[in-house]
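Worksheet for the structure shown next.
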Amino acid sequence: MLRACVGAALVAFCACEASVEDGEAVSRSMAARAPGEISLRNVYDLSYYFKVKLGGQKVKVAFRMGTPNSWVATKEATEGRPIRDESGGHYTYPHSESTTLERLNDTFDEACGDGFWGTDVLAIDGLSVDEFRFGVVTSLADVRAWEPNPFDGVIGLGLDRDGTVPLLEAMVAAGAIEKPVFSVVFGRGKPGYLSLGSTGNLDRYEGDPRYVGLDSSKGWSVPLEALWIGDDYCDFDARRAAFDPAMSPITGPPSTVERFHREWQAERRAGMVVVPCDKDGPALSFRFDGRDYTLEKDDLITKWKSLCLLNVDKAARTTDTWTLSEPFFRKYYAIFDAAERRVGLAKARRDP
Numbered sequence: 002m003l004r005a006c007v008g009a010a011l012v013a014f015c016a017c018e019a020s021v022e023d024g025e026a027v028s029r030s031m032a033a034r035a036p037g038e039i040s041l042r043n044v045y046d047l048s049y050y051f052k053v054k055l056g057g058q059k060v061k062v063a064f065r066m067g068t069p070n071s072w073v074a075t076k077e078a079t080e081g082r083p084i085r086d087e088s089g090g091h092y093t094y095p096h097s098e099s100t101t102l103e104r105l106n107d108t109f110d111e112a113c114g115d116g117f118w119g120t121d122v123l124a125i126d127g128l129s130v131d132e133f134r135f136g137v138v139t140s141l142a143d144v145r146a147w148e149p150n151p152f153d154g155v156i157g158l159g160l161d162r163d164g165t166v167p168l169l170e171a172m173v174a175a176g177a178i179e180k181p182v183f184s185v186v187f188g189r190g191k192p193g194y195l196s197l198g199s200t201g202n203l204d205r206y207e208g209d210p211r212y213v214g215l216d217s218s219k220g221w222s223v224p225l226e227a228l229w230i231g232d233d234y235c236d237f238d239a240r241r242a243a244f245d246p247a248m249s250p251i252t253g254p255p256s257t258v259e260r261f262h263r264e265w266q267a268e269r270r271a272g273m274v275v276v277p278c279d280k281d282g283p284a285l286s287f288r289f290d291g292r293d294y295t296l297e298k299d300d301l302i303t304k305w306k307s308l309c310l311l312n313v314d315k316a317a318r319t320t321d322t323w324t325l326s327e328p329f330f331r332k333y334y335a336i337f338d339a340a341e342r343r344v345g346l347a348k349a350r351r352d353p
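Just so you know, we're using our numbering here: the sequence shown kicks off at 2 and counts up by one.
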């Protein structure tokens, strides 16, 4: 339930194995940031988060793109338990201490928990929105499931849905950014980067981005023209690819993923998809607007202890959509342009 609301979640089995610095396994990389570029803390290549201020109070947030809705957990939601995440402690949102919080009449009710809708001053790395609308979670659905996550809530970067004003649109209206555009790339064993209001740092990708127009849905999704498993064209039952870096792993239609798992000799253990580490399974290629985007073994596999985990799994239900998540955005730099309704993709530099 919590994953459905959060999108990205830290897998608890990694907690005791990785070294931590200020709580999370982070890169010692000193790559320079461009102006307006937000550094994303990398937790075991499984989750990425950044810090914002709500009502002047620090909170840690991940981001998701499947919805424009945002939420953050309050101290009240922890049921009085001393909460420790991988960085030594959740901040949580002390809503009773905020002098700028405006409580709205609407009830907030999602899979992560419930509470009420409110507005407060949101500040992200110098960018500010005075009346940011978000869910104030006063009761978590599962405190223990939430606790290992390295963040206190989620910022929604989805497009307009159900009348919610997207964050980018709110930032443009507030004069914080000029255009409703953002870019993102994730590092492998290194930080990720998120740029709000710009296409980001040219040094983080190769060549010129290739833009693909969004489809007719309300989300960040594009038409999927073709799919390959290795060199074999797949008679696939999906016609759309949705982008959501916060999701982990990549998911697709069950019948196609089952075939992919067989090729990799995959088996399921405690919810993980495990493959033989010496197995050289097939790549997975997606075609958008005449260009192929391929994920190979190094892109698809995460190693943990003696296990090799395949970051491709079946969607929870029958679907016509592949959801491209963290593994995709470690290989490809992405630019999301809400005004032009398009996504730009370029190969990310390994060592920006």
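All C-beta atoms, glycine included, are put in the ideal place defined by N, C-alpha and C.
These numbers come from a predicted model, not from an experiment.
Is glutamate 132 closer than 8 Å to threonine 120 when the C-beta atoms are compared? Indexing the sequence shown from 1 puts residue 120 at position 119. Indexing the sequence shown from 1 puts residue 132 at position 131. A contact, by the Cβ cut-off of 8 Å.
Curious, which full-length beta strand (DSSP E) runs of at least 3 residues does the region 133-186 contain? 154-157, 182-186
Would you tell me roughly how many angstroms separate the C-alpha atoms of asparagine 426 and aspartate 209, rounded to the nearest one? Nothing can be reported for residue 426, as the shown portion of the chain is limited to 2 through 353.
Nearest-angstrom Cα separation, counted from alanine 339 out to threonine 303: Working through the sequence shown from its first residue, we reach residue 303 at position 302. Working through the sequence shown from its first residue, we reach residue 339 at position 338. Just so you know, the alpha carbons of threonine 303 and alanine 339 end up roughly 32 Å apart.
Suppose the cutoff is 6 Å on Cβ atoms and the five residues either side in sequence are ignored; what does the same chain contact list for arginine 351 look like? Counting from 1 along the sequence shown, the entry for residue 351 is found at position 350. Result list for arginine 351: empty, nothing under 6 Å.
Leucine 168 beta carbon less than 8 Å from that of glycine 176: Here residue 176 refers to the residue found at position 175 when the sequence shown is read from its first residue. Here residue 168 refers to the residue found at position 167 when the sequence shown is read from its first residue. Contact: no.
Identify every run of the beta strand (DSSP E) within the region 297-336, keeping only runs that are complete inside it and at least 3 residues long; order them along the chain. 302-305, 308-311, 313-315, 322-325
Taking buried to mean at least 16 other C-beta atoms within 10 Å of its own C-beta, is cysteine 309 buried or exposed? Locating residue 309 in the sequence shown gives position 308, counting from the first residue. When all chains shown are included, cysteine 309 counts as buried.
Quick check: what's the CA-CA separation for glycine 214 versus valine 223? Position 213 of the sequence shown, counted from the first residue, corresponds to residue 214. Position 222 of the sequence shown, counted from the first residue, corresponds to residue 223. Linking glycine 214 to valine 223 through their CA atoms gives a straight-line distance of about 6 Å.
Give every residue of the same chain whose Cβ lies closer than 8 Å to the Cβ of serine 307, excluding the five residues on either side of it in the sequence, and list them in chain order. Numbered from 1 along the sequence shown, position 306 holds the residue referred to as residue 307. Here the set comprises Cys278.
Anyone know if the C-beta pair for cysteine 235 and threonine 252 falls short of 8 Å? Reading the sequence shown from its first residue, position 234 is the one you call residue 235. Reading the sequence shown from its first residue, position 251 is the one you call residue 252. No, Cβ-Cβ distance for cysteine 235 and threonine 252 is not below 8 Å.
Should the region 73-80 be called in touch with the region 88-103, which here means at least 3 C-beta pairs below 8 Å? Yes, the region 73-80 touches the region 88-103.
Looking at the structure shown, is proline 246 part of a helix, part of a strand, or coil, going by DSSP? Here residue 246 is taken as the residue at index 245 of the sequence shown, counted from 1. Proline 246 falls in the coil class under three-state DSSP.
Stretch pair the region 142-162 + the region 312-320: three plus CB contacts closer than 8 Å: no
For arginine 343, I'd like the list of residues in its chain whose CB is within less than 7 Å of its CB, leaving aside the five on either flank, ordered along the chain. Locating residue 343 in the sequence shown gives position 342, counting from the first residue. Same-chain partners within the cutoff: Tyr212, Val213, Gly214, Leu215.
Of all the options Glu148, Tyr45, Val122, which has the alpha carbon lying nearest to the alpha carbon of leucine 102? For the purposes of this step, residue 102 is identified with residue 101 of the sequence shown, where counting begins at 1. Ranking Glu148, Tyr45, Val122 by CA distance to the CA of leucine 102 puts Val122 first.
To test your reading of the DSSP string, which unbroken beta strand (DSSP E) runs of 3 or more residues are found completely within the region 265-297? 268-270, 273-276, 285-289, 292-296
Please report the residue range of the beta strand (DSSP E) in which leucine 195 lies. Here residue 195 is taken as the residue at index 194 of the sequence shown, counted from 1. Unbroken beta strand (DSSP E) run through leucine 195: 193-197.
Which of the three DSSP states is assigned to arginine 263 in this structure? The count along the sequence shown starts at 1 and reaches residue 263 at position 262. Helix, per DSSP.
What does tyrosine 206 pair with, by DSSP beta-bridge criteria? By 1-based counting over the sequence shown, the position of residue 206 is 205. Tyrosine 206 is bridged to Ala349.
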